[in-house]
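Below is one structure, written out as structure tokens; the observations come after it.
4 protein chains.
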Amino acid sequence: MTTETFAEFEPDFITGLKAIFEERIVFNKVLGLKILALTPTGVTGRIDMRPELIGHYTHNRLHGGVISAALDAMAGLAVMAALGARHMDEEPLQRLHRFGKLGTIDLRVDYLRPAIGQHFLLTAEVMRLGSRVASVRMEFRGDKGALLSTGSAAYIVS
Amino acid sequence: MTTETFAEFEPDFITGLKAIFEERIVFNKVLGLKILALTPTGVTGRIDMRPELIGHYTHNRLHGGVISAALDAMAGLAVMAALGARHMDEEPLQRLHRFGKLGTIDLRVDYLRPAIGQHFLLTAEVMRLGSRVASVRMEFRGDKGALLSTGSAAYIVS
Amino acid sequence: MTTETFAEFEPDFITGLKAIFEERIVFNKVLGLKILALTPTGVTGRIDMRPELIGHYTHNRLHGGVISAALDAMAGLAVMAALGARHMDEEPLQRLHRFGKLGTIDLRVDYLRPAIGQHFLLTAEVMRLGSRVASVRMEFRGDKGALLSTGSAAYIVS
Amino acid sequence: MTTETFAEFEPDFITGLKAIFEERIVFNKVLGLKILALTPTGVTGRIDMRPELIGHYTHNRLHGGVISAALDAMAGLAVMAALGARHMDEEPLQRLHRFGKLGTIDLRVDYLRPAIGQHFLLTAEVMRLGSRVASVRMEFRGDKGALLSTGSAAYIVS
Numbered sequence: 004m005t006t007e008t009f010a011e012f013e014p015d016f017i018t019g020l021k022a023i024f025e026e027r028i029v030f031n032k033v034l035g036l037k038i039l040a041l042t043p044t045g046v047t048g049r050i051d052m053r054p055e056l057i058g059h060y061t062h063n064r065l066h067g068g069v070i071s072a073a074l075d076a077m078a079g080l081a082v083m084a085a086l087g088a089r090h091m092d093e094e095p096l097q098r099l100h101r102f103g104k105l106g107t108i109d110l111r112v113d114y115l116r117p118a119i120g121q122h123f124l125l126t127a128e129v130m131r132l133g134s135r136v137a138s139v140r141m142e143f144r145g146d147k148g149a150l151l152s153t154g155s156a157a158y159i160v161s
Numbered sequence: 004m005t006t007e008t009f010a011e012f013e014p015d016f017i018t019g020l021k022a023i024f025e026e027r028i029v030f031n032k033v034l035g036l037k038i039l040a041l042t043p044t045g046v047t048g049r050i051d052m053r054p055e056l057i058g059h060y061t062h063n064r065l066h067g068g069v070i071s072a073a074l075d076a077m078a079g080l081a082v083m084a085a086l087g088a089r090h091m092d093e094e095p096l097q098r099l100h101r102f103g104k105l106g107t108i109d110l111r112v113d114y115l116r117p118a119i120g121q122h123f124l125l126t127a128e129v130m131r132l133g134s135r136v137a138s139v140r141m142e143f144r145g146d147k148g149a150l151l152s153t154g155s156a157a158y159i160v161s
Numbered sequence: 004m005t006t007e008t009f010a011e012f013e014p015d016f017i018t019g020l021k022a023i024f025e026e027r028i029v030f031n032k033v034l035g036l037k038i039l040a041l042t043p044t045g046v047t048g049r050i051d052m053r054p055e056l057i058g059h060y061t062h063n064r065l066h067g068g069v070i071s072a073a074l075d076a077m078a079g080l081a082v083m084a085a086l087g088a089r090h091m092d093e094e095p096l097q098r099l100h101r102f103g104k105l106g107t108i109d110l111r112v113d114y115l116r117p118a119i120g121q122h123f124l125l126t127a128e129v130m131r132l133g134s135r136v137a138s139v140r141m142e143f144r145g146d147k148g149a150l151l152s153t154g155s156a157a158y159i160v161s
Numbered sequence: 004m005t006t007e008t009f010a011e012f013e014p015d016f017i018t019g020l021k022a023i024f025e026e027r028i029v030f031n032k033v034l035g036l037k038i039l040a041l042t043p044t045g046v047t048g049r050i051d052m053r054p055e056l057i058g059h060y061t062h063n064r065l066h067g068g069v070i071s072a073a074l075d076a077m078a079g080l081a082v083m084a085a086l087g088a089r090h091m092d093e094e095p096l097q098r099l100h101r102f103g104k105l106g107t108i109d110l111r112v113d114y115l116r117p118a119i120g121q122h123f124l125l126t127a128e129v130m131r132l133g134s135r136v137a138s139v140r141m142e143f144r145g146d147k148g149a150l151l152s153t154g155s156a157a158y159i160v161s
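Chains as they are written, first to last, in this note's numbering: chain A, 4 to 161; chain H, 4 to 161; chain R, 4 to 161; chain X, 4 to 161.
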């Protein structure tokens, strides 16, 4: 996915969410994590390969921690988008405040194939958004679409 | 734990392992991950808080991804130490090559409490080292010893 | 899915696998787990609700342990089918012996919605079949197709 | 552990909890799961080997699903004991009603060694009891104390 898609969200919400996610959550910036698509049921992001992200120096392989960190961030973003869609009655800024209340309960990552490539695409889909807990599934793909890692995570929402 | 402990490993093995882990695995350097202790059954590491590692800007809270990335790295190191102890008959350099063959199969992290503090201590303990798979449990603690996160991971060894 | 599908596998392999899975693995029989479909990339099974499987007596809800046990069993079966397809050169009986060497490394189950219904459908899909480790994703659905639980698991194969 | 320990809980609470856990949660009865100890921070249980629990017929090995099911049940019991201790001001019966509101969010089990033996001991320890979510770690041991499996789980409490 190369074009950006932001469903029915207002420009203010999108701009605010991108600013928080890509800039103010400093470690996401270290990861170079960018939002490509944002919809009530799922989100897509991208990471470009950079030397700082290497885990396996002999193969220029992405560090597994970059994958777990980025999948966790994307899953949180997916929950945020789902919450944003559920509360369209609230002002964009008010909805953005919900991000601060989001907390990861736990995370699982399965490493299927070595993460080698120029860039990587990440997707996260909310399997269930409850009043207190959200469950999300994530995928981490290579620049040719190969599935490199999958993830599952639970979030506390309020 | 503040003093370094390196069991019976030779200086060459320790020096080589620290060089690989703290310097050549570039993303570990981004995390600022340092080895404090290394024994056949477990390892201890430390991360000092830095602005780049922030996940929650309003609370200067550590990014969950730093925790998952660092726990994965520490668990891999624990497996490496266990393998190193099992193959003391090999030359240090030969044993270090095993690091390149290590692969994370999957990882789980439970986030118990907000990671806020000046520094953090990480421990990883090998629960079982098989001929093909190793299972590890990890803990992430605050500068006062509070348990902030726990983890479990499986590694392919050969 | 209600009709049975068994891809290109020989009758002897199918009959043998069903006998092992549904009868000789005694606890699968306790669960009432039946194989509906078996292909190299995935499998489908079914469980009919019975009083012995109740976890929550006030709601006649299926015990979470029935879900984790059945998803683990189905994931192992999916790996077995993938191995069976990879070794079609071997005699059916020879391929069936591989079942005995299969071992679960670890399992994760996410409980999304209460499991209430007359029967349940389970699917397992092999995400990657390596020479030593296989990774599988599973789904547990209600009699109307609602997604009730999801799972991820890793298996040692040899 | 062979003697029963029930901390400061009233006989009514213990009797009621054992009746719910060992009898009314029917699938726990199928597992033959018995409570040995119950304290605010952790619980211990026991399962005696029976033919119905076999997963691997050639080795009379316990089915992995018995382990995941029993560890999930024990973890829920540990949360129940922690909740019971937090609400000693409530009547025993009132506290027991909290059991019905408990829900497993997700579960991880690591299978370390084959589960073969006459009986098995299970322990579950609450790592954190929040107002909405509880995190638990579990262990599954053989009749000689060997660690056979470990688990981690999250529960919704209210």
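All C-beta atoms in this analysis are idealised placements derived from N, C-alpha and C, irrespective of residue type, glycine included.
Backbone CA spacing between X/R49 and X/E55 [nearest angstrom]: Here the question's residue 49 of chain X lines up with position 46 in the fourth sequence. Here the question's residue 55 of chain X lines up with position 52 in the fourth sequence. The straight-line gap from Cα to Cα measures roughly 16 Å.
Pairwise C-alpha distance: H/S152 and A/M141: The residue you call residue 141 of chain A lines up with position 138 of the first sequence. The residue you call residue 152 of chain H lines up with position 149 of the second sequence. A/M141 and H/S152: Cα-Cα distance of roughly 21 Å.
Sequence-distant residues of its chain with Cβ nearer than 7 Å to A/L124 (five each side left out): Translated into the one-based positions of the first sequence, residue 124 of chain A becomes position 121. So the list reads M4, T47, R49 and R144, once near-sequence residues are dropped.
First and last residue of the uninterrupted alpha helix (DSSP H) at A/R98: Walking along the first sequence from the start, residue 98 of chain A turns up at place 95. A/R98 -> alpha helix (DSSP H) spans P95 to H100.
CA nearest to the CA of X/R101, picked from X/L86, X/D15 and X/A81: Indexing the fourth sequence from 1 puts residue 101 of chain X at position 98. It is X/L86 whose Cα lies nearest to the Cα of X/R101.
CB of H/L39 within 9 Å of CB of H/A76, strictly: Here residue 39 of chain H refers to the residue found at position 36 when the second sequence is read from its first residue. Here residue 76 of chain H refers to the residue found at position 73 when the second sequence is read from its first residue. No, these two residues do not count as a Cβ contact at 9 Å.
As assigned by DSSP and simplified to three states, the class of H/M4: The count along the second sequence starts at 1 and reaches residue 4 of chain H at position 1. Per-residue confidence for H/M4 stands at a pLDDT of 40, beneath the threshold of 50, marking its modelled position as unreliable; no derived number is given.
Local conformation of R/I28 per DSSP, three classes: Numbered from 1 along the third sequence, position 25 holds the residue referred to as residue 28 of chain R. It is coil, neither helix nor strand.
Inter-residue spacing [alpha-carbon to alpha-carbon] between R/K147 and H/R135: By 1-based counting over the third sequence, the position of residue 147 of chain R is 144. By 1-based counting over the second sequence, the position of residue 135 of chain H is 132. Each residue's alpha carbon lies about 41 Å from the other.
Interface partners of A/L115 on chain R, CB under 8 Å: As a position in the first sequence, residue 115 of chain A is number 112, starting the count at 1. In chain order: M130, R131 and S138.
X/L74 vs X/A127 beta-carbon contact at 9 Å: As a position in the fourth sequence, residue 74 of chain X is number 71, starting the count at 1. As a position in the fourth sequence, residue 127 of chain X is number 124, starting the count at 1. Yes, the Cβ-Cβ distance between X/L74 and X/A127 is below 9 Å.
Interface residues of the stretch 27-61 of chain H facing chain A [CB-CB below 9 Å]: R27, I28, V29, F30, N31, K32, V33, L34, P54, E55, L56, I57, G58, H59, Y60 and T61
Of the residues A/M83, A/K32 and A/T61, the one placed nearest A/L41, counting alpha carbons only: Looking up residue 41 of chain A in the first sequence gives position 38. Looking at the Cα atoms, A/M83 is the closest of the given residues.
Collapsed DSSP secondary structure at R/R111 in the structure displayed: Taking the first residue of the third sequence as position 1, residue 111 of chain R is located at position 108. Here R/R111 sits in strand by DSSP.
CB contact below 9 Å: A/K107 versus chain H: What you label residue 107 of chain A is simply residue 104 of the first sequence in a count that begins at 1. The amino acid occupying residue 107 of chain A in the given sequence is Thr; Lys does not appear at that position. By this cut-off, A/T107 is an interface position.
Through-space distance from R/P117 to X/G19, alpha-carbon basis: In the fourth sequence, residue 19 of chain X corresponds to position 16, counting from 1. In the third sequence, residue 117 of chain R corresponds to position 114, counting from 1. When rounded, the distance between both Cα atoms is 24 Å.
Euclidean distance between Cα positions of H/H59 and A/I23: Here residue 59 of chain H refers to the residue found at position 56 when the second sequence is read from its first residue. Here residue 23 of chain A refers to the residue found at position 20 when the first sequence is read from its first residue. Those two C-alpha atoms are separated by around 10 Å.
Contact with chain R by H/S179, beta-carbon distance below 9 Å: A query on residue 179 of chain H cannot be resolved here, the shown segment of chain H reaching from 4 to 161 and no further.
Residue range of the unbroken alpha helix (DSSP H) whose run includes R/K21: Taking the first residue of the third sequence as position 1, residue 21 of chain R is located at position 18. Run containing R/K21: P14 to A22, per the alpha helix (DSSP H) assignment.
Paired residues, beta bridge with A/T153 - DSSP: Counted from its first residue, the first sequence places residue 153 of chain A at position 150. Paired residues: A/D113 and A/E142.
Within chain H, partners of A/V160 - CB distance below 7 Å: Within the first sequence, the letter at position 157 stands for residue 160 of chain A. In chain order: nothing, as chain H lies at least about 14 Å away.
A/S155 versus H/S71 - alpha carbon distance: On the first sequence, residue 155 of chain A is found 152 positions in, with the first residue counted as 1. On the second sequence, residue 71 of chain H is found 68 positions in, with the first residue counted as 1. Rounded to the nearest angstrom, the two C-alpha atoms are 13 Å apart.
Three-state secondary structure assigned by DSSP to A/V160: Within the first sequence, the letter at position 157 stands for residue 160 of chain A. Correct three-state label for A/V160: coil.
X/L36, DSSP secondary structure in three states: By one-based count along the fourth sequence, residue 36 of chain X stands at place 33. Looking at X/L36 - three-state DSSP - the assignment turns out to be coil, as it is neither helix nor strand.
Within chain R, the residues that X/A76 reaches when beta carbons sit closer than 7 Å: As a first step, residue 76 of chain X is located in the fourth sequence; it is residue number 73 there, counting from the start. Under the 7 Å cutoff, chain R gives G68.
Proximity test, Cβ basis, 9 Å: X/T5 and chain H: Along the fourth sequence, read from residue 1 onward, the residue named residue 5 of chain X stands at position 2. At X/T5, the pLDDT of 42 sits below 50, so the modelled position is not reliable; the number obtained from the coordinates is stated separately. By this cut-off, X/T5 is not an interface position.
Residue interval of the beta strand (DSSP E) (run including X/D51): Taking the first residue of the fourth sequence as 1, we reach residue 51 of chain X at position 48. Note, X/D51: beta strand (DSSP E), G45 to D51.
Beta-bridge pairing of A/A137 - partner residues as DSSP gives them: The residue labelled residue 137 of chain A in the question sits at position 134 within the first sequence. The partner list for A/A137 (beta bridge, DSSP) reads A/L132 and A/Y158.
At least three beta-carbon pairs within less than 8 Å, the stretch 93-112 of chain X to the stretch 87-106 of chain R: no
Closest by C-alpha distance to H/L150, when choosing among H/I119, H/I159, H/M130 and H/N31: By one-based count along the second sequence, residue 150 of chain H stands at place 147. The residue with the shortest Cα to Cα distance from H/L150 is H/I119.
Helix, strand or coil at X/L105 [DSSP, three-state]: Reading the fourth sequence from its first residue, position 102 is the one you call residue 105 of chain X. Reduced to three states, the DSSP call for X/L105 is coil.
Near-chain A residues of the stretch 78-89 of chain X - C-beta to any C-beta below 7 Å: none
H/A157 vs R/A157 beta-carbon contact at 9 Å: Against the second sequence, residue 157 of chain H aligns to sequence position 154. Against the third sequence, residue 157 of chain R aligns to sequence position 154. Yes. Within cutoff.
Closer than 9 Å at the beta carbon, the chain R residues around A/T153: Numbered from its first residue, the first sequence carries residue 153 of chain A at position 150. Going along chain R in sequence order, the residues near A/T153 (Cβ under 9 Å) are M130, S138, R140 and S155.
Distance, X/M91 Cα to R/R111 Cα: Here residue 111 of chain R refers to the residue found at position 108 of the third sequence. Here residue 91 of chain X refers to the residue found at position 88 of the fourth sequence. So the two alpha carbons sit approximately 34 Å from each other.
Neighbour flag for X/R111 against chain R, beta carbons, 9 Å: Along the fourth sequence, read from residue 1 onward, the residue named residue 111 of chain X stands at position 108. Chain R, which has a Cβ nearer than 9 Å to the Cβ of X/R111, makes this yes.
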